[in-house]
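Chains as they are written, first to last, in our numbering: chain A, 1 to 340; chain B, 1 to 303.
Ideal Cβ positions, reconstructed from N, Cα and C, are used throughout, including at glycine.
Just below is one structure, and these are the notes that go with it.
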Amino acid sequence: MEFLYFLARRLLWSILVLVGLSIIIFTIARIVPGDPARIALGPLATQEQVAALQAEMGLDRPIHSQYLGYVGGLLQGDLGQSLLTQRSVNEDIGDTFAATFELVVATVIVSMIIGVPAGVMAARNKDGWLDNSSRFIALLGVVTPAFFLAILLQLLAGYVLDILPVTNRMPAGTDFRADITGLMVVDTMLKGRFDLTVEALRHLLLPTIALSAATIGQIMRITRSSMIDVSRQDYIESSRAFGIPARIRTFKYMLRPSFVPPLTILGLEFASLIGNAFVVEMVFGWPGMASYGVRTILQKDLNAVMGVVMVSGLFFVFVNLLIDVLVGYVDPRVRIRGTR
Amino acid sequence: MAVPTNGSAPANVEEAVPAATISNAYKNWYRFSRNPTAVIGAVIVLIVIACALFAPWIAPYPEQVDNFVDFRARHLPPSWDHWFGTDNVGRDVLTRVIYGYRISLLLVVVVLGLSIPFGVMLGLMAGYFGGWVEIVIMRLTDIALAIPPLVMALAITAVLSPNLMNAMIAISVLWWTWHTRLIYSITRTLKTQEFVEAAEILGASKVHILFKELLPNCVSAISVKATLDAGFVILIGASLSFLGLGVQPPTPDLGTMVATGADYLPDRWWQSVMPGMAILFAILGFNLLGDGLRDMFDVEDVR
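Laid out in C-alpha cells, this is it:
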C-alpha cells in the first residue's frame, strides 16, 4: 500500500516535470530571431506566402493560445509537420526511435553488467593493482569524448583489425525489415533469422562501446565507493565476527544496499547518455532519432527539433521514474520516506 | 561534506609549521603534493592554460592559424617539422591545437562565470530560506535537470545560429542547475549549525548570513565542482562543434578539427586523432585535479 502511494506521488511529479519541459521547449522555439514561417519558406517567398504560412502555423494568434495549441497537439501525440522530410514529425520519430532505443538499451545493459561487477571487484581488492588499473580505465572512459572514442573504434576495429562493420544497423542490401518491435536483434530472432541476429549484434557492438564507456566508468566508480562505505557498517563488522564467509558477505549483505547508488547514477547519467547518442549515431551512421535530430537541427526544422527534444526529455523522465521505482523496491527506506 | 575548516591535523604536520593560519594552507598543500594523480592533473591543467595564454609564442607556425593555405604542404604526416602533421589545406595541426585551447578555455571561463554565481545564489537562497522559495527553486531545478544538456544546447544553437557566442549561451542555460543542487544540500545542513544561529541571534541581516556566514563554507565545494566542470564544459563544447553547431571554421576549434579530419580517415588519421587527443588531455587534467582537490578539501559528495 505504501508502495502504491510512493508510486502515485512519483508519477504526479513526472507529469509536472513534463509540463515544465513543454513550456521550456515552447519558449525556446518562440525566441527564434526572425520568423519561423520566413525561415521555413526561404528568402525568395513573397510576403503573402509568409502570411499564409503564419496563419497556417497559428503564429498570428496570441502566445498563450499558441502554447495551448501546442500542448493540445502534444496530448494527442501530434508534433506537427517536418519541413525537412515533408512528413509528420510523429512518423519520422516513430520510424527512427526504435534504432535509438535499441542502442540505448544495449548501452544500459552493458554498463550495468560491466560496471557493477568491476566496481565490486575493485572494492574487494581496494588499493591493489586490480583496483588501481580498473579505476584508471574507468577514468579514461569518463574523460574520453564519445565522438572521439567512436572514431578511434572505427579506426581500430573497422580498419586496422578489419573485424567489425562501422556503419548502419545491417549490411547494405539486406532484405529485412524490423517491423515487429523495431529492435533489430529481437526481430531477427522472432522471425527465426538467426544469421541476421549475429549481423545485428556485430553492427550494434561498436556504437554500444562508444556510448557506454562513460557510463561504465561512472557506475564502476560509484559501485566501488558505495561497497567500501557499506563494508564499514557495523552489521558487516558483526557478520565478519560471526564467521560468515567473505563471498556470502559480499554478495548477500553488501551488494544489495550498494546497488542503490549505481542505479541513481544511471538515472542522472542517462541525460548525458542521450546527449552522447547524438554524436555517436552521427559517427556510425546509425539511423536513429538522434541522427534525425542533428539533420533537422542543421536545417532549422523547428517542429522536428522540438519533437526530438520533447521525446528525449520524455525518455529521460520515464527512465528516471522506472529507476526510482526500482530503487524503492531494492531499498525499503526510500519508499517509506516517500510516503511522508 | 563541507564543514567549517577547523579540524585538527595530524600532530607531526602541526609541529612542522609555527602559526595556525599557515598550518591550514600548509596542511592542504602537504596533502595535495602527496597525491600523485592530483599533481599530474595540476601539471596538465597548467600546460593547457599556458598554451592558451601564450599561444602566439609557443605555437611553431602562428601565421597558419586560420586563413592560411599551402597546397604543397597538404596532408603531411607527423614529422620533426610538423609534430602533429598538417591538415587538408596545409596548416600545421599542432599550431591549431594550441590555439584551439584558447577557444576551449574561453568557453569554460564564460560558461562557468555565468552559471556558477547564478546557481550558487539560488542554492544558497533555497537552502537557507526554505518554504516556498525552496519549493519553487528546487522544482525548477528538477525540471531543468530533465533535459539532456547537450540536447538542449543543440536545440538552442539550432534556433539561434551556430557560433561561439551562442554555444556559450546554450551551455550556460542549464549548467547552473548542478551548482544549485550542490549548494542547496550544503546550505541545508549548515543552517542548523551554531555559528549561523549565533549570527541570527546577534541580529545579522539575511544578506550577511548568506554571503558572510554560509558562502565561505561552500567555497571549497564550489572550487572542486568548478574544476570538474571545466572538463565537462570542454567536452560538451567539443561535441557541439563536432556536429557543426559550435565554433565555425576557420577559427581553430578542437571539436571542429576532429570533425573535418574525420573525412580523411583512415590514411590521414593525425588530422582528427591529434586534436581528439588534445581534448582528452585537457579533460583528463581537469578531472584528475578535481579529484585531487576533492580529497584535499574532503568534500566527498561533489561529483
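Mind checking which residues open and close the alpha helix (DSSP H) that includes residue i?
{"i": "Cys218 of chain B", "result": "Premise fails: Cys218 of chain B is in no alpha helix (DSSP H) and is neither H nor E."}
{"i": "Leu202 of chain B", "result": "Neither: Leu202 of chain B is in no alpha helix (DSSP H) and is coded neither H nor E."}
{"i": "Thr157 of chain B", "result": "Pro149 to Val159"}
{"i": "Trp178 of chain B", "result": "Leu164 to Leu190"}
{"i": "Trp132 of chain B", "result": "Gly131 to Leu145"}
{"i": "Gln154 of chain A", "result": "First-last for Gln154 of chain A: undefined, no H or E at that position."}
{"i": "Glu213 of chain B", "result": "No alpha helix (DSSP H) holds Glu213 of chain B; DSSP gives it neither H nor E."}
{"i": "Phe84 of chain B", "result": "Taken as a continuous stretch (DSSP letters only), Phe84 of chain B belongs to no alpha helix (DSSP H), as it is neither H nor E."}
{"i": "Pro36 of chain B", "result": "Pro36 to Leu53"}
{"i": "Asn303 of chain A", "result": "Leu302 to Val330"}
{"i": "Trp80 of chain B", "result": "Element bounds for Trp80 of chain B: n/a, residue is neither H nor E."}
{"i": "Asn287 of chain B", "result": "Trp270 to Phe297"}
{"i": "Trp13 of chain A", "result": "Glu2 to Arg30"}
{"i": "Ser82 of chain A", "result": "Element bounds for Ser82 of chain A: n/a, residue is neither H nor E."}
{"i": "Leu190 of chain A", "result": "Met184 to Leu190"}
{"i": "Gly72 of chain A", "result": "Ile63 to Leu75"}
{"i": "Thr296 of chain A", "result": "Met289 to Leu298"}
{"i": "Gly261 of chain B", "result": "Leu254 to Ala262"}
Is there a Cβ of chain B sitting closer than 8 Å to that of residue i, yes or no?
{"i": "Arg340 of chain A", "result": "No answer about Arg340 of chain A holds up, because its pLDDT of 36 lies below 50 and its placement is not dependable."}
{"i": "Tyr97 of chain A", "result": "Looking at the sequence shown, residue 97 of chain A is not Tyr but Phe. Judged by the 8 Å Cβ criterion, Phe97 of chain A is not in contact with chain B."}
{"i": "Pro145 of chain A", "result": "yes"}
{"i": "Lys300 of chain A", "result": "yes"}
{"i": "Ser312 of chain A", "result": "yes"}
{"i": "Phe176 of chain A", "result": "no"}
{"i": "Met367 of chain A", "result": "Chain A is shown from 1 up to 340; residue 367 of chain A falls before or after that span and cannot be answered."}
{"i": "Leu21 of chain A", "result": "yes"}
{"i": "Met170 of chain A", "result": "no"}
{"i": "Phe148 of chain A", "result": "yes"}
{"i": "Ile151 of chain A", "result": "yes"}
Are the C-beta atoms of residue i and some chain A residue less than 8 Å apart?
{"i": "Trp57 of chain B", "result": "no"}
{"i": "Thr141 of chain B", "result": "no"}
{"i": "Ile283 of chain B", "result": "yes"}
{"i": "Ala2 of chain B", "result": "In this prediction, Ala2 of chain B scores a pLDDT of 43, lower than 50, which makes its location untrustworthy; no coordinate-derived value is stated."}
{"i": "Ala199 of chain B", "result": "no"}
{"i": "Val13 of chain B", "result": "Here the model assigns Val13 of chain B a pLDDT of 47, short of 50, so the residue's position is not dependable, and the following value carries that caveat. So, not an interface residue."}
{"i": "Val136 of chain B", "result": "no"}
{"i": "Ile209 of chain B", "result": "no"}
{"i": "Thr5 of chain B", "result": "Low confidence applies to Thr5 of chain B: its pLDDT is 45, below 50, so where it sits in the model is not reliable enough to give any reading."}
{"i": "Leu105 of chain B", "result": "no"}
{"i": "Val48 of chain B", "result": "no"}
{"i": "Ile44 of chain B", "result": "no"}
{"i": "Phe242 of chain B", "result": "yes"}
Distance check for residue j and residue i, CA to CA, integer angstroms please.
{"i": "Pro10 of chain B", "j": "Asn24 of chain B", "result": "For Pro10 of chain B, the predicted model reports a pLDDT of 46, less than 50, meaning its position is unreliable; a value from the coordinates is still stated below. Spanning the two alpha carbons is a distance of roughly 11 Å."}
{"i": "Met227 of chain A", "j": "Thr177 of chain B", "result": "28 Å"}
{"i": "Ala29 of chain A", "j": "Gly77 of chain A", "result": "18 Å"}
{"i": "Val325 of chain A", "j": "Leu190 of chain A", "result": "30 Å"}
{"i": "Arg34 of chain B", "j": "Ile40 of chain B", "result": "11 Å"}
{"i": "Thr348 of chain A", "j": "Val280 of chain A", "result": "Any property of residue 348 of chain A remains undetermined from this structure, which presents chain A solely from 1 to 340."}
{"i": "Ser111 of chain A", "j": "Ser82 of chain A", "result": "34 Å"}
{"i": "Ala150 of chain A", "j": "Leu235 of chain B", "result": "14 Å"}
{"i": "Ala59 of chain B", "j": "Thr144 of chain A", "result": "25 Å"}
{"i": "Pro36 of chain B", "j": "Leu18 of chain A", "result": "45 Å"}
{"i": "Gly130 of chain B", "j": "Asp92 of chain B", "result": "56 Å"}
{"i": "Gly58 of chain A", "j": "Leu41 of chain A", "result": "15 Å"}
{"i": "Ala42 of chain B", "j": "Gly285 of chain B", "result": "7 Å"}
{"i": "Ser14 of chain A", "j": "Ile156 of chain B", "result": "24 Å"}
{"i": "Ala170 of chain B", "j": "Leu154 of chain B", "result": "8 Å"}
{"i": "Ile323 of chain A", "j": "Phe6 of chain A", "result": "13 Å"}
{"i": "Leu263 of chain A", "j": "Ala204 of chain B", "result": "43 Å"}
{"i": "Val247 of chain B", "j": "Asp253 of chain B", "result": "7 Å"}
{"i": "Leu145 of chain B", "j": "Leu174 of chain B", "result": "8 Å"}
{"i": "Tyr344 of chain A", "j": "Pro62 of chain A", "result": "Limits of chain A in this structure are 1 at one end and 340 at the other, which puts residue 344 of chain A out of reach."}
{"i": "Met220 of chain A", "j": "Asp229 of chain A", "result": "14 Å"}
{"i": "Ala221 of chain B", "j": "Phe101 of chain A", "result": "36 Å"}
{"i": "Ala146 of chain A", "j": "Ser212 of chain A", "result": "9 Å"}
Should residue i be flagged as near chain C, meaning a C-beta pair shorter than 8 Å?
{"i": "Leu235 of chain B", "result": "Absent here is chain C; the protein component of the structure consists of chains A and B."}
Check each residue of the segment 146-172 of chain B: if its Cβ is closer than 9 Å to any Cβ of chain A, include it; give the result in chain order. Ala146, Ile147, Pro148, Pro149, Leu150, Val151, Met152, Ala153, Leu154, Ala155, Ile156, Thr157, Ala158, Val159, Leu160, Ser161 and Pro162
Going residue by residue through the segment 206-263 of chain A, where are the continuous alpha helix (DSSP H) segments of at least 4 residues, counting only ones entirely within it? 234-241 and 255-258
Which runs of the alpha helix (DSSP H), 4 residues or longer, sit entirely within the segment 114-144 of chain A? 129-143
Taking Cβ-Cβ distances below 7 Å as the criterion, which residues of the segment 256-274 of chain A are in contact with chain B? Legend: CB atoms of the segment 256-274 of chain A lying less than 7 Å from CB atoms of chain B belong to residues Ala271, Ser272 and Ile274.
Can you give me, in chain order, the residues of the segment 315-334 of chain A that have a beta carbon less than 7 Å from any beta carbon in chain B? So the close ones are Phe316 and Val317.
Selection of the segment 257-274 of chain B by Cβ proximity to chain A, strictly under 7 Å: Val258, Ala262, Leu265, Pro266, Trp269 and Ser272
Taking a Cβ distance cut-off of 8 Å, strictly less, list which residues of the segment 277-293 of chain A are near chain B, in chain order. Phe278, Val279, Met282, Val283 and Gly293
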